[in-house]
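Contents: one structure, followed by commentary.
Numbering (full-length UniProt numbering), first residue to last: 1 to 124.
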């Protein structure tokens, strides 16, 4: 027995994921064209509110691109535990350079140790 979808779900527009590259294109187009409606039409009827949000976040988007963020990335969320992640990445790079085989359990154990070290440093 197949489950029927509601009429509201069938007619609702799907969400579009915009990469940083596409957001940069919108920002560049906004420099020459100030009309929200014309920009909306130019970018396949993208909602005006979305374009306004992108323009209002211009500084964040451009600084992320300047820092070397991947252009195919769509969200600019920072890491929850940045210090721990940086420590793990540096450890993994050094382990790879020494031809140490990395496994899931080993990485999990090292991550737990990094978390403990960060907690101890925060207590001092």
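No residue lacks a Cβ here, since even glycine has one placed at the ideal position from N, Cα and C. Nothing here was measured: the structure is a model prediction, and the numbers come from that model.
query: Of the listed residues 14, 75, 96 and 65, nearest to residue 45 (C-alpha basis); result: 14
query: Whole-angstrom C-beta distance between residue 96 and residue 20, which should lie under 8 Å; result: Actually they do not touch by this definition, with Cβ atoms about 28 Å apart.
query: Residue 90 - containing alpha helix (DSSP H), residue span; result: 82-97
query: Beta-carbon spacing of residue 39, residue 33 below 7 Å; result: yes
query: Continuous beta strand (DSSP E) assignments of at least 3 residues falling wholly in the UniProt domain "HTH psq-type" (13-63); result: none
query: Buried versus exposed, by CB contacts within 10 Å (16 or more), residue 51; result: buried
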